[in-house]
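A quick write-up on the structure given underneath.
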């Protein structure tokens with residue numbers, strides 16, 4: 279059946295039309311086939327779980343879910359991904375609430391995963407292969423925010439970063455750095471109220487040091503969006519006027535300069551704002567921030583990714599209302615999608631090379647939109663709380679895994695051939711950067727053996743206006759992380775010059791340009807390869823307008839100068 283489905287990918291793509299009720303016109307093999315179901319009785323918060331990890335490295339992944347079973351004791355369940363058989367379930371020592379998202383990492387570098395279950399009464403860590411207790415620390419309280427795991431020492435022994443919200447006296451809100459092997463809190467600093475938001479992380483400027491980003495309120499003792507040094511928990515910067523406590527900071531490269539940026543919202547039910555901030559400084563990225571955007575609603579974490587392939591990142595958000603897709607490049611709405619739930623995520627389920635927009639959080643019916651914003655499929659009657667996409671049975675095709683508001687886990691086979699490498703589903707939003715896009719993003723600081731060159735510090739800076747037409751060079755710093763040689767090209771459009779070189783070394787690379795004209799936007803491309811991987815960046819700048827005193831330039835003169843015997 280699955281081979282037959284693969285062969286019919288082209289047919290499916292040819293005949294996809296917006297429909298509902300679990301049908302696609304023109305294809306007798308539907309793109310979603312129910313594989314298995316399992317009942318847990320859990321009350322799961324919107325957007326929480328499931329997680330998927332291959333705990334015993336046999337090519338078959340396990341599916342993990344947890345949640346509230348009040349008044350009974352709360353539980354964690356683990357199912358075999360290929361058939362839904364229960365592998366284990368365990369009763370937690372301390373109760374949790376419906377919105378306590380778990381994480382799964384190898385905390386002690388022994389090749390076995392641990393499951394980190396935060397909660398309001400304790401931080402509990404289980405062995406993911408059998409559900410037994412690894413350690414519990416009842417002095418570490420965790421609110422409904424998202425926690426974080428990060429290997430800042432690059433030694434295979436990561437730390438857990440926990441956060442707790444508390445806006446009532448005696449104000450016990452705390453950000454902690456916790457030893458992943460012992461549960462001992464190493465550093466604790468007071469914070470205010472990261473509600474359903476929490477912690478994201480990255481090495482934003484590739485200097486080997488990690489930054490942690492915390493979302494918070496701008497009222498009371500809240501500091502808005504905050505950036506901390508992951509080693510010391512010293513505050514690097516914050517933007518106290520941005521109220522962003524209910525969604526996670528999203529870490530992406532907004533302006534294509536090789537430096538990771540922070541995307542947060544001034545969250546409101548109406549006329550919300552969007553801020554794209556330089557991850558190093560917290561400064562607004564020019565032209566990429568607006569405190570009030572008419573018709574925009576933000577609350578929970580939103581996806582950020584170039585979903586439509588136009589070269590710009592798109593943000594998709596909603597508050598139990600129609601989804602608004604906002605283009606961070608053009609800074610305008612791309613689409614409005616019919617919906618009534620929490621924000622979607624992006625993943626590939628339909629058999630082509632594009633990610634789809636999957637609407638599955640706190641909805642009766644899961645809806646799938648393609649990258650041109652057309653509704654192409656509906657899975658009806660599932661009462662979905664959340665879902666995630668992964669190849670859980672090792673058949674080379676992705677599965678869609680969802681959990682309902684009554685704790686029913688449903689797994690659907692899809693048409694999509696799984697990517698290589700697979701996306702990371704040990705954390706709820708596919709990476710520590712929390713992009714909510716189902717692509718592989720390695721943990722911060724991962725050494726992949728041979729990393730592609732980095733391209734930074736473009737001159738003119740990306741998006742700069744008023745550039746003199748006398749400008750004669752473009753430049754960027756190209757750096758190979760391993761210190762090897764690389765080949766690079768610089769190209770321009772419209773064509774004002776180009777440059778290529780083989781066997782180059784780290785440093786500033788320039789391209790001579792000429793013939794610039796007034797009031798023209800130029801795009802220039804920098805490509806570099808070390809023989810193992812490619813990096814491509816593109817930038818734009820706009821030349822200055824001609825001043826009223828600029829001399830007139832005649833490009834065609836007729837009759838030509840010096841002509842004689844003109845009739």
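Residue numbers (the working numbering): 279 to 845. Backbone N, C-alpha and C define an ideal beta-carbon position, used for all residues, glycine too. For clarity, every value in this text was computed on a predicted model and none was experimentally measured.
Subject >> C-beta atoms of residue 683 and residue 661 nearer than 8 Å >> reply: yes
Original post:
Do the stretch 508 to 515 and the stretch 528 to 542 meet, that is, are 3 or more Cβ pairs less than 8 Å apart?
Top reply: no
**OP:** With a 10 Å radius around its C-beta and 16 neighbouring C-beta atoms as the bar for buried, classify residue 685 as buried or exposed.
**Re:** buried
**OP:** Quick one: using the 10 Å Cβ neighbour count with 16 as the cut-off for buried, is residue 476 buried or exposed?
**Re:** buried
**OP:** Identify which residue in 704, 773 and 792 has its Cα closest to the Cα of residue 381.
**Re:** 704
Original post:
For the stretch 594 to 665, which segments carrying the beta strand (DSSP E) assignment without a break, of at least 3 residues, lie completely within its bounds, in sequence order?
Top reply: 599 to 605, 610 to 619, 623 to 625, 634 to 637, 644 to 647 and 653 to 657
Original post:
Identify the residues that DSSP records as bridge partners of residue 691: which are they?
Top reply: 311 and 677
**OP:** Would you mind stating whether residue 578 and residue 325 have Cβ atoms separated by less than 8 Å?
**Re:** yes
Original post:
Exposed or buried, residue 846, counting other C-beta atoms within 10 Å across all chains shown (16 or more means buried)?
Top reply: For residue 846 there is no data in the structure shown, the boundaries of the chain being 279 and 845.
**OP:** With distances taken Cα to Cα, identify the nearest neighbour of residue 399 among 389, 370 and 359.
**Re:** 370
Original post:
Taking just the CA atoms, how far does residue 774 sit from residue 793?
Top reply: 6 Å
**OP:** Would you give the residue range spanned by the beta strand (DSSP E) that residue 817 belongs to?
**Re:** 812 to 821
Subject >> Secondary structure of residue 825, DSSP reduced to three states >> reply: coil
Original post:
Considering only residues of the stretch 410 to 485, which uninterrupted beta strand (DSSP E) runs meet the minimum length of 3 residues and lie entirely inside it, listed in chain order?
Top reply: 411 to 415, 426 to 428, 437 to 442, 452 to 457, 463 to 468 and 477 to 480
Subject >> Buried versus exposed, by CB contacts within 10 Å (16 or more), residue 610 >> reply: exposed
Original post:
Under three-state DSSP, which class holds residue 777?
Top reply: strand
Original post:
Excluding five sequence neighbours on each side, which residues of the same chain lie with their C-beta closer than 6 Å to the C-beta of residue 360?
Top reply: 338 and 671
Subject >> Proximity winner among 560, 481 and 448, relative to residue 501 (alpha-carbon distances) >> reply: 560
Original post:
Got a sec, what are the start and stop residues for the beta strand (DSSP E) residue 505 sits in?
Top reply: 503 to 507
Subject >> Whole-number beta carbon distance between residue 580 and residue 714, since they are thought to touch under 8 Å >> reply: 7 Å
**OP:** Consult DSSP for residue 547 and reduce its assignment to one of helix, strand or coil.
**Re:** coil
Original post:
Based on the DSSP secondary-structure assignment, which residues constitute the bridge partners of residue 317?
Top reply: 686
**OP:** Output the distance between the C-alpha atoms of residue 848 and residue 687, rounded to the nearest integer angstrom.
**Re:** There is no way to answer for residue 848, as the model of the chain reaches only from 279 to 845.
Subject >> Buried/exposed call for residue 815, threshold 16 Cβ in 10 Å >> reply: buried
**OP:** List the whole-angstrom C-beta distance separating residue 590 from residue 607, where the pair is believed to meet the contact cut-off of C-beta under 8 Å.
**Re:** 3 Å
Original post:
By Cβ distance, which residues of its chain are closer than 6 Å to residue 367, with the 5 residues on each side in sequence left out?
Top reply: 353 and 355
Subject >> DSSP beta-bridge partners of residue 250 >> reply: Nothing in the structure corresponds to residue 250, since the chain is present only between 279 and 845.
Original post:
Considering only the beta carbon of each residue, do residue 516 and residue 470 sit closer than 8 Å?
Top reply: no
Original post:
Going by Cα to Cα distance, which pick from 378, 426, 745 and 569 is closest to residue 474?
Top reply: 378
**OP:** Taking 8 Å as the cut-off, decide whether the C-beta atoms of residue 679 and residue 333 are in contact.
**Re:** no
**OP:** Name the residue from 779, 396 and 446 whose alpha carbon lies nearest to the alpha carbon of residue 416.
**Re:** 396
Original post:
Secondary structure at residue 490, three-state DSSP: helix, strand or coil?
Top reply: strand
Original post:
What's the C-alpha gap between residue 327 and residue 514?
Top reply: 31 Å
Subject >> When 497, 785 and 659 are compared against residue 446, the one with the closest alpha-carbon >> reply: 497
Original post:
Can you tell me whether residue 850 is buried or exposed, with buried defined as 16 or more other CB within 10 angstroms of its CB?
Top reply: It is not possible to answer for residue 850, since the shown part of the chain is limited to 279 through 845.
**OP:** Just tell me which of 654, 519, 724 and 763 has its CA closest to the CA of residue 628.
**Re:** 654
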